[in-house]
Amino acid sequence: MTEHQPRARGRPPAADRADVTAAALRLLGETGLDALTMRKLATAVGVQVGTLYGYFPTKRALLTAMAEEMLKGCRDAAEGVAQPLERVWALARSLRTALLSYRDGARVYAGTHSIGPNTLGFAEALNGALRDAGLDATAATRTALLILHFATGHVLEEQAALQSGPDLPADIETLRKAIRDGEYPRLAEAQEQLTGTDLAELFEQGLRLLTAELS
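In UniProt numbering, the protein residues as written are 1 to 215.
Laid out in structure tokens, this is it:
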């Protein structure tokens, strides 16, 4: 006769921080940041709202945990890349890719200061690559911050454009008409570049400018 394990009694175990963070990221993809509330998250996880505040006392704390999870694996972009400048570029691109992988990813990441291994490990790798490229500690830190801010701001613009959807072509044409109809000769000369939609190439150009002094 086969013996059966006794069925566990009582409540199922409460969700932990990792469960809540994963659920928050799923909900983010479904609803976007503006609709992500602690009440909706509690419903998605199957716990009381008060339980969530035991893990994350504020929504900012929740966003910080979400940002930390978004950067998982980003530092790996530098592995196996010998040339320091190429490592810097690879890390910057990995951050952009990570933020673009989540709906409103840049909005979630902006302003957070995680002390987790994904965020600090990425910062360590980026600073290390910049030091290896010839910068001292102060210059490397400042350049790293500039790259982080540039990547975050660029993705903010990219995701805003993506969310514009079918309205984007009309918005671009409105801008072009305003330039044509006004007295903006310098803007008119650069109209194609100003209203272009190749944001990936624009990111690469900005990254090259930020690292122009490196070798």
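Don't be surprised by glycine CBs; every beta carbon is placed ideally from N, CA and C.
In the three-state reduction of the DSSP assignment, I115 falls in the coil class. The DSSP-derived three-state label of P185 is helix. Q205 carries a helical assignment under DSSP once its states are collapsed to helix, strand and coil. Annotation: the continuous alpha helix (DSSP H) that includes P84 extends over 84-100. DSSP places R39 inside the alpha helix (DSSP H), whose first and last residues are 38-45. Annotation for T31: K40 place their beta carbon closer than 8 Å to its own, counting only its chain and skipping 5 residues before and after. One thing to note: A98 has its Cβ within 9 Å of the Cβ of G73. Annotated three-state conformation of P57 is coil, per DSSP.
Less than 9 Å separates the beta-carbon of R60 from that of T112. The beta carbon of A77 sits closer than 6 Å to those of A90, L91, S94, all from its chain and outside the five residues before and after it, given in chain order.
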